[in-house]
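For the sequence shown, our numbering begins at 2 and goes up steadily by one. Note that beta-carbon positions come from the ideal geometry of N, C-alpha and C, so glycine has one too.
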Amino acid sequence: MGLPPFRRRTLLAGLPWLAGPARAAPDGSLRRVLDAGVIRLGVQVEGTVAAARATDGSLRGYLPELGHRIAHGFGVRPEFVAVPRGDMLGLSQQGRFDLGLGGAIASTWLAMSTLLSDPIMRFQLVVLTPREHPVLGMGDLASWRVGVLDGRSFAETLREAGVEEARTVTHRSWEEAAAALRRGGKEAVVVPTYHAREIQRVVPGATVRFTLGEFWHCAMLRMGEHDLLRAVNVLLYLLRQEGQLQALHHAFFEQDAGGRRTL
């Protein structure tokens, strides 16, 4: 996709916080990855530009490419673990992977049960309806079926927008959301922008009406693994300073990654 080459040799080489007083009370999580020579990366494979499986079985998309760069920065080999939708938190706590990529929308609730990195992905939450049924705002959807993708943050956004929970239906995937719009009638779905493009590809009449806000995806780590979290955040900072993260995000999502934000 015309991305500039990632030239950084090894993130960890010569960084002073790896030893000495600056690295107080080490928890061993970073050392575990370095000694193993591999970092296990959990990725939700939903068949979108975020992550999809190629015909040869390998993973393609923004998150796998970011995973390769993180592993390269650590000087280790990446090993990808495909994670079913909704299982990222549970599998992370079981130790099935070292770092979960995507599937973790920054929220206070999530931060109470896991560690979140600096943001790695930014998107808008948008409302789509059939072309023949235009709406101007959430108030126009009073008599509509409103679908939302499975996820606490999505559901909370609808509640804040004044949509009664009894009028909402949860879709397990963007394909289910697309099927709802294909049926026609007064159907609306609320999805992130990168899912909206996939839906419009299979349902050309689906139209984005307005946005509900901006959301951030973070990488996820097990609670207590602060050594690895610090190293990941340093690498993300360097990728951002070099323009690598912005170029990667724009190449896959056709929008900028935005500035640095934390909870």
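Ranked by Cα distance from residue 99, the options 169, 191 and 117 are led by 117. When DSSP states are grouped into helix, strand and coil, residue 231 belongs to the helix group.
When the five nearest sequence neighbours on each side are left out, the beta carbons in the same chain lying within less than 7 Å of the beta carbon of residue 197 are those of 127, 129 and 209, in order along the chain. Scanning 49, 41, 143 and 52 for the CA closest to the CA of residue 78 turns up 41. Nearest neighbour of residue 52 by Cα position, chosen from 201, 141 and 122, turns out to be 122.
A residue is called buried when at least 16 other Cβ atoms come within 10 angstroms of its Cβ; residue 137 does not meet this threshold and is exposed. With a cut-off of 8 Å on Cβ pairs, the region 169-176 is not in contact with the region 213-231, counting fewer than three such pairs. The beta carbon of residue 31 is closer than 6 Å to those of 228, 229 and 232 in its chain, skipping five residues each way along the sequence. For the set 37, 60, 56 and 36, the Cα lying nearest the Cα of residue 43 is the one of 60.
A contact between stretches requires three or more CB pairs, one per stretch, nearer than 8 Å, and the region 64-77 fails this requirement with the region 200-207. The beta carbon of residue 212 sits closer than 6 Å to the beta carbons of 125 and 127 from its chain, once the five residues preceding and following it are set aside; these are given in chain order. In this structure, the CA atom of residue 248 is about 28 Å from the CA atom of residue 150. Annotation: the continuous beta strand (DSSP E) that includes residue 101 extends over 100-102. Taking 7 Å as the cut-off, the beta carbon of residue 188 is found closer than this to the beta carbon of residue 146. Its chain contains 49 and 175 as the residues whose beta carbon lies nearer than 6 Å to that of residue 199, once the 5 sequence neighbours on both sides are disregarded; these appear in chain order. Contact check for residue 119 against residue 234 passes: the beta carbons are separated by less than 7 Å.
Given a length threshold of 3 residues, each whole run of the beta strand (DSSP E) inside the region 179-250 is given here in chain order: 188-193 and 207-222. In terms of CA proximity to residue 38, 72 leads the group 87, 171, 143 and 72.
Distance check between residue 133 and each of 182, 67 and 34 places 182 closest, using alpha-carbon atoms only.
When the alpha-carbon of residue 236 is set against those of 55, 67 and 63, the nearest one is in 67. Cβ-Cβ distances below 8 Å link residue 115 to 90, 93, 94, 105, 221, 222, 223 and 224 in the same chain, with the five nearest sequence neighbours on each side left out; the list follows chain order.
Residue 34: not part of any beta strand (DSSP E); member of the alpha helix (DSSP H) spanning 30-37, first to last residue.
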